[in-house]
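J.: Once you know that position 51 of the sequence shown is 178 in the working numbering, the rest is easy, because the numbers rise by one and skip nothing. C-beta atoms are modelled at their ideal positions from N, C-alpha and C, and glycine is treated no differently.
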Amino acid sequence: EPSDIDTALLDLERTGAIMRGEFLPGAQWCERALLARIHRHTLDRLRREIEPVTAAQFAQFLTRWQRAHPDRRMDGVEGLFAVIEQLAGYAVPARSWEPDVLAMRMRSYDPSWLDGLCLMGRVAWSRPPGRSSGTSPVGSTPIVVAPRSSLSFWFRTEGDEVLEPLGHEAEAVLGALHGAGALFFDDLVSRTHLLATRVEQALGELVAKGLVRSDAFDGLRSLVAAPDRRPRARSRGRLGPGRGAVPTGRWTTVENGIGGNPDDALEFVAERLLKRWGVVFRRMTDVEGQLPPWRDLLRVYRRWEARGDIRGGRFVEGFAGEQFALPEAVTDLRSTRRSGAEGVYLSVSAADPLNLTGFIVPGDRVPSLSGNRLLLLDGVPVAALEKREVRWFGAPPEGVLRPFELEKMLRRREQRPTNGTTGASGRP
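1) Which runs of the beta strand (DSSP E) at least 3 residues long sit entirely within the segment 385-423? Give them in chain order.
2) For the structure I just gave you, are there three or more beta carbon pairs, one from the segment 395-403 and one from the segment 441-449, closer than 8 Å?
3) Would you kindly check if the distance between the Cβ of Ser267 and the Cβ of Pro220 is under 8 Å?
4) Going by DSSP in three states, Gly440 sits in which element: helix, strand or coil?
5) For the alpha helix (DSSP H) that contains Trp240, what are its first and last residues?
6) Do Ala218 and Val271 have their C-beta atoms closer together than 8 Å?
7) Quick one: complete alpha helix (DSSP H) runs, 4+ long, within the segment 164-235?
8) Phe451 and Val407 look like a contact to me (Cβ under 8 Å); what is the Cβ gap, rounded to whole Å?
9) Leaving out five residues before and five after Phe280 in sequence, what residues of the same chain have Cβ atoms less than 7 Å from its Cβ?
10) Please check the pair Ser495 and Ala511, which I expect to be a contact at CB under 8 Å, by giving their CB distance rounded to whole angstroms.
11) Does the beta-carbon distance from Glu291 to Arg325 come in below 8 Å?
12) Can you tell me whether Ser349 is buried or exposed? The criterion is at least 16 other CB atoms within 10 Å of its CB, across all chains shown.
13) I need the DSSP call for Glu140, collapsed to helix, strand or coil.
14) Pull up the CB-CB distance for Gly337 and Pro255, whole angstroms please, since I reckon it's below 8 Å.
15) Does Ala522 come out as helix, strand or coil in the three-state DSSP assignment?
16) Just curious, the alpha helix (DSSP H) that Arg465 is in, first and last residue?
17) Whole angstroms are fine: how far does the CA of Asp505 sit from the CA of Val471?
18) Alpha carbon to alpha carbon, what distance is there between Glu140 and Met231?
19) Do you know offhand how far Glu534's Cα is from Arg515's?
20) So, at 6 Å on beta carbons, what are the nonlocal neighbours of Val228 in its own chain, with the 5 sequence-adjacent residues on each side left out?
21) Considering only residues of the same chain and omitting the five flanking positions on each side of His196, which have a CB-CB separation below 6 Å?
22) Please list the terminal residues of the continuous beta strand (DSSP E) segment that includes Thr319.
23) Applying the criterion that 16 or more other CB atoms from any shown protein chain within 10 Å of the CB defines a buried residue, is Glu525 buried or exposed?
24) Going by beta-carbon coordinates alone, are Val507 and Ala309 separated by less than 8 Å?
25) Around the Cβ of Thr319, are there at least 16 other Cβ atoms within 10 angstroms (buried) or fewer (exposed)?
26) Based on Cα-Cα distance, which residue from Val493, Gln155, Ala323 lies nearest to Val300?
27) Hey, would you say Gly206 sits closer than 8 Å to Met247, going by beta carbons?
28) Grab the span of the beta strand (DSSP E) containing Arg340 for me, first residue to last.
29) So who's on the other strand from Tyr428, going by DSSP bridges?
30) Beta-carbon separation of Thr463 and Val180 under 8 Å?
31) Rank Val414, Arg529, Gly435, Val509 by C-alpha distance to the C-alpha of Gly521 and give the top, closest one.
32) For Glu332 and Pro238, what's the separation of their Cα atoms in angstroms?
33) For Val204 and Gly143, which I take to be in contact (beta-carbon distance under 8 Å), what is that distance rounded to the nearest angstrom?
34) Suppose the cutoff is 8 Å on Cβ atoms and the five residues either side in sequence are ignored; what does the same chain contact list for Ile437 look like?
35) Using DSSP with H/G/I as helix, E/B as strand and the rest coil, what is Glu291?
36) Identify, in the order they occur along the chain, each residue of the same chain with its Cβ nearer than 6 Å to the Cβ of Trp519, setting aside the five sequence neighbours on each side.
Shown next as structure tokens:
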């Protein structure tokens, strides 16, 4: 039989005045407001324990966190899938994905691995909605590569996107796909009665506008390839046996929308940002753009911090507002601060997520174009290649490598520590 005290405690619990739990060994009861105060004091204590790193140290941390550092690169198909999971949702020009972003994070890279992941249905690609989609070449088109199961979370749009009118051939190809569903390239040529080269050009236009995609990455790869680098057809016919490489895989239309639970999509994006950057604060969201409002993300992060899933506090100096981090990222930040400078140079594309110029590290923004490059020293830019001209961020670093050697490294996509040992080239 419950005692009068037990009955009274249960009544107070029903009204929400107190809470029951195991705060110490055995069952206890605690006044609700007092429990909230204890929780706030615990969070405040955890935040005070954090020693923030500088922006330069944060940039150094990211080279390891995002697996671009030679010691953190991945191997094989599953390693490639892990890289794609981390970068899911980040838009990169189509021509930069393999040679500049994926290969940078792999000890060795085989394009067939990405083709296999796409054909198995584990990975998909498409141009995200809400971005400029004029007449730029398909190679310059921003493309998202992500696990197929999560692609829709990045493609939520409020209403229809306004697109420029399509060309005649693109209209014909899009109509064939709407009418018949997924089609191979040869089927598109047959149904539209267009020359293969015209179908290929139409697919490039539709990809650039985010209207179609292929279930094989080689479909995009072949569209990106420069015309003079493709094998020339030996036949003038539509389907001549001598025709060169064509966009492979089955082509389908892309459906963007706002289906599903918006809260689920918000939490998914919030989690992916933490996985990608380790630490998230308002300024970091400016690096990507096309994200949910910071106030919505902030609500999710505060709830996760209250549950003890993530840490809140001041992790990076010099940036206003609340900051949140994964527990394992906090550990890596401490290691970065204690280890100090490593002297590792990385030559990266300006389209790579590690291009933090104008946002996190000092200096003018280097546009995220596939032709631009950055030379990073422990994550911090020391030189940029823009319009084939090298620009230094201040004086060239002093050390065993002379300025002309650093310029050569920048242009050739090399990575090496300051002891002069050459690393991987970063090319597939």
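T.: Well, looking at it:
1) Every beta strand (DSSP E) stretch that sits fully inside the segment 385-423 and reaches 3 residues is listed by chain position as 406-408.
2) No, the segment 395-403 does not touch the segment 441-449.
3) The answer is yes: Cβ separation under 8 Å.
4) Residue state, collapsed to three classes: strand.
5) Counted as a single uninterrupted DSSP element, the alpha helix (DSSP H) harbouring Trp240 occupies residues 238-246.
6) Closer than 8 Å, so yes.
7) Runs found: 182-192, 203-214.
8) With 8 Å as the limit, Phe451 and Val407 qualify as a contact, their Cβ atoms being about 5 Å apart.
9) Closer than 7 Å at Cβ, skipping near neighbours: Ala392, Phe395, Val396.
10) Rounded, the Cβ-Cβ distance is 12 Å, inconsistent with contact.
11) Between Glu291 and Arg325, the C-beta spacing is not below 8 Å.
12) It counts as buried.
13) Here Glu140 sits in helix by DSSP.
14) In this structure Gly337 is in contact with Pro255, their Cβ atoms being roughly 7 Å apart against a cut-off of 8 Å.
15) Of the three classes helix, strand and coil, the one that applies to Ala522 here is coil, per DSSP.
16) Unbroken alpha helix (DSSP H) run through Arg465: 454-466.
17) Approximately 5 Å between the Cα atoms of the pair.
18) Roughly 56 Å separates the two Cα atoms.
19) Cα to Cα, Glu534 sits roughly 11 Å from Arg515.
20) Hits under 6 Å: Val219, Asp479.
21) Taken in chain order, the residues that qualify are Thr190.
22) Looking at the DSSP string, Thr319 is not in any beta strand (DSSP E); the run it does join, the alpha helix (DSSP H), is 312-319.
23) Exposed, by the Cβ-count rule.
24) It is not a contact, given that the beta carbons lie outside the stated cut-off.
25) Counting the other CB atoms within 10 Å of its CB gives Thr319 a total of 16 or more, which places it among the buried residues.
26) Of Val493, Gln155, Ala323, the residue nearest in Cα terms is Ala323.
27) Contact check for Gly206 against Met247 fails: the beta carbons are separated by 8 Å or more.
28) Here the beta strand (DSSP E) through Arg340 covers 339-341.
29) Its beta-bridge partners do not exist; DSSP assigns none.
30) Against a cut-off of 8 Å, the Cβ pair of Val180 and Thr463 comes out as a contact.
31) Nearest to Gly521 by alpha-carbon distance, out of Val414, Arg529, Gly435, Val509, is Val509.
32) About 24 Å.
33) With a contact defined as Cβ atoms closer than 8 Å, Val204 and Gly143 miss out at about 52 Å.
34) Once the five neighbours on either side are set aside, the close Cβ partners of Ile437 are Leu401, Tyr428, Trp431, Phe451, Ala452, Leu453, Pro454.
35) Here Glu291 sits in coil by DSSP.
36) Taken in chain order, the residues that qualify are Ala510.
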